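1 is the number of the first residue of the sequence shown in UniProt numbering; add one for each residue after it. Built from N, CA and C at the ideal position, the CB exists for glycine as well. Nothing here was measured: the structure is a model prediction, and the numbers come from that model. This report concerns only the one structure given below.
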Amino acid sequence: MGYFRPEIEAIAGYTPGEQPQGGKFIKLNTNENPYPASPKVAEAIRQRLDQGLEKYPDPVGTAFRMRAADVLGVEPDWILCGNGSDDILTILTRAFVGAGQWLRLPTPSYILYKTLAEIQGADSEEIRFNDDWTLPQSFGTASNHLKLAFLPNPNSPSGTVVPKQQLREIAESLPCPILIDEAYADFADDNCIDLVRENEKIMVARTLSKSYALAGLRFGFVVAQPQMIEQLMKVKDSYNCDALSLAGALAAIDDQKWVAENKAKVVATRGRMTGRLREMGFTVPDSQSNFVWATRPNVKLKPVYEFLKQNHVLIRYMQYPGITEGIRISVGTDGQTDVCLDLIEQFLQQNP
1 MGYFRPEIEA IAGYTPGEQP QGGKFIKLNT NENPYPASPK VAEAIRQRLD QGLEKYPDPV
61 GTAFRMRAAD VLGVEPDWIL CGNGSDDILT ILTRAFVGAG QWLRLPTPSY ILYKTLAEIQ
121 GADSEEIRFN DDWTLPQSFG TASNHLKLAF LPNPNSPSGT VVPKQQLREI AESLPCPILI
181 DEAYADFADD NCIDLVRENE KIMVARTLSK SYALAGLRFG FVVAQPQMIE QLMKVKDSYN
241 CDALSLAGAL AAIDDQKWVA ENKAKVVATR GRMTGRLREM GFTVPDSQSN FVWATRPNVK
301 LKPVYEFLKQ NHVLIRYMQY PGITEGIRIS VGTDGQTDVC LDLIEQFLQQ NP
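The following block contains the structure:
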């Protein structure tokens, strides 16, 4: 055609996980929360609908920023809202990285990072995790072309975390900002919000898709020092969060009792899933997320994925260059998890 920028025609584009539109599936492939969101969310959205939608929403989400600031222990001007954390990632990439410059990311990790760099006409510098999912110190190496680093923590697909002291050292040695993507941090033992206070180069992104069970609502935010937020505000769309998502997000973050109870259920099931997979002979790193990563060198895993799909259970099969193939399984309800694990055990018994 010749109409599009060469960078757009060259990229493959981001491919989301399967979203079946027909039939009844147990979905354990996209790390969604298996439980309904706080009932306060639906009530808040209904109330907002009653007020009408003819006016534009608050362009900066003032009410949400104020409540989130209380929860996180920062000031409201340390927070910028987005249409999901993917919107936050896009805003940051547009703000910091120009054509021909570098964006650094670890691999294997969230593949959208690389796509965002390609859209900008930028180069993505990929630093491979060590075989035990620790992060090489080279991730903090300075470079004149480097303008931004993305680091998911906990990481996907492994569910593992980089220690805070190492993150602190990396940020100090980098010549550019680093975004710590904490999409799954509410399922972890710790988070990096306090690092944002220490160093203006450190930013933390969060989403309500996972721990708040609101993947269908599309709401995320970034925490950064106010001088950084001030500049990022210039890049976001004028009204990037609609009135209904703002109302639902405020109700969700206000219900921290629900979040704590949900985390307890997910973490308990995650531990049981990890133990049983290890009993079946899988290698499973200790996960700090709402999913587990399982490998088994002597068993081809794509047939496992296909067998589960035939039985209406979706998980994620992944294979990266030079890395052992694996399956990523989201934590479901206890019943969903048991169905999945029983099918895996059945497959292994039929294919010794």
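Straight-line Cα distance separating serine 124 from glycine 82: 23 angstroms
Our contact map puts cysteine 340 next to leucine 28 with C-beta atoms below 8 angstroms; I'd like the distance itself, whole angstroms only. 6 angstroms
Along the alpha helix (DSSP H) that carries threonine 107, what are the first and last residues, could you check? Threonine 107 -> not in any alpha helix (DSSP H); beta strand (DSSP E) instead, spanning 102-107.
Under three-state DSSP, which class holds valine 292? strand
Looking only at its own chain, which residues have a Cβ that is under 6 angstroms from the Cβ of threonine 160, when we skip the five neighbours before and after it? Trp133, Pro285
Identify the continuous beta strand (DSSP E) that holds glutamate 125 and give its terminal residues. 123-128
What does DSSP give as the partner residues of tyrosine 212 in its beta bridges? For tyrosine 212, which the question treats as bridged, DSSP gives no partner whatsoever.
Alpha carbon of isoleucine 170 to alpha carbon of proline 152, nearest angstrom: 14 angstroms
From Arg46, Leu308, Glu7, pick the residue whose C-alpha is nearest to that of leucine 244; which is it? Arg46
Check each candidate in Glu279, Gln51, Ser85 and name the one with the smallest Cα separation from alanine 215. Ser85
Within 10 Å of its beta-carbon, does lysine 302 have 16 or more other beta-carbons around it, so buried, or fewer, so exposed? exposed
Range covered by the beta strand (DSSP E) that runs through proline 152: 146-152
Assign proline 64 to one of two classes, buried (16 or more other C-beta atoms within 10 Å of its C-beta) or exposed (fewer than that). Checking the sequence shown, residue 64 turns out to be phenylalanine, not proline. Flag for phenylalanine 64 reads buried.
Expressed to the nearest angstrom, what Euclidean distance is found between the alpha-carbon atoms of alanine 68 and glutamate 345? 43 angstroms
First and last residue of the alpha helix (DSSP H) that includes serine 287? Premise fails: serine 287 is in no alpha helix (DSSP H) and is neither H nor E.
By the 10 Å Cβ neighbour count, where 16 or more other Cβ atoms means buried, how is alanine 42 classified, buried or exposed? exposed
Can you tell me whether proline 321 is buried or exposed, with buried defined as 16 or more other CB within 10 angstroms of its CB? exposed
Let me check understanding here. Comparing Cα to Cα, which of Phe347, Asp186, Arg206 lies closest to glutamine 256? Asp186
Let me know if alanine 99 comes out buried or exposed under the rule of 16 or more other beta-carbons within 10 Å of its beta-carbon. exposed
Quick check: residue 381 and alanine 188, are their CB atoms within less than 9 angstroms of each other? With the chain covering only 1 through 352, there is no way to say anything about residue 381.
Taking the beta carbon of glutamate 32 as the centre, do at least 16 other beta carbons fall within 10 Å, making it buried, or is it exposed? buried
Could you pull out every residue in the same chain whose Cβ sits closer than 7 angstroms to the Cβ of glycine 326, ignoring the five residues on either side in sequence? Pro157, Trp293, Ala294, Thr295, Leu301, Met318
9 angstroms Cβ cutoff, glutamine 51 in contact with chain B: Structure shown: chain B not included; a single protein chain is present.
Out of Leu314, Thr207, Ile193, state which residue places its alpha-carbon closest to the alpha-carbon of proline 20. Leu314
Is the segment 2-13 close to the segment 194-211, with three or more CB pairs under 8 angstroms? no
Can you check DSSP and say which residues form a bridge with aspartate 181? Pro152, Ala205
Which of the three DSSP states is assigned to tyrosine 317 in this structure? strand
Which stretch, first to last residue, makes up the alpha helix (DSSP H) that contains cysteine 340? 334-350
Could you check whether leucine 250 and alanine 44 sit closer than 9 angstroms to each other, using their CB atoms as the reference points? yes
Opposing strand residues paired with glutamine 26 [DSSP bridges]: What sits at residue 26 in the sequence shown is isoleucine, not glutamine. Beta-bridge pairing links isoleucine 26 to Val313.
When we look at the beta-carbon of leucine 80 and count the other beta-carbons within 10 Å, is it buried (16 or more) or exposed? buried
Quick check: what's the CA-CA separation for proline 57 versus arginine 206? 21 angstroms
Aspartate 254: buried (16+ other C-beta within 10 angstroms of its C-beta) or exposed? buried
Quick one: what's glycine 326 bridged to in DSSP? Met318
Alpha carbon of isoleucine 8 to alpha carbon of lysine 236, nearest angstrom: 21 angstroms
Under the assumption that leucine 277 contacts leucine 308 (Cβ atoms under 8 angstroms), give the Cβ distance between them as a whole number of angstroms. The pair is not a contact, with the Cβ atoms about 13 angstroms apart (cut-off 8 angstroms).
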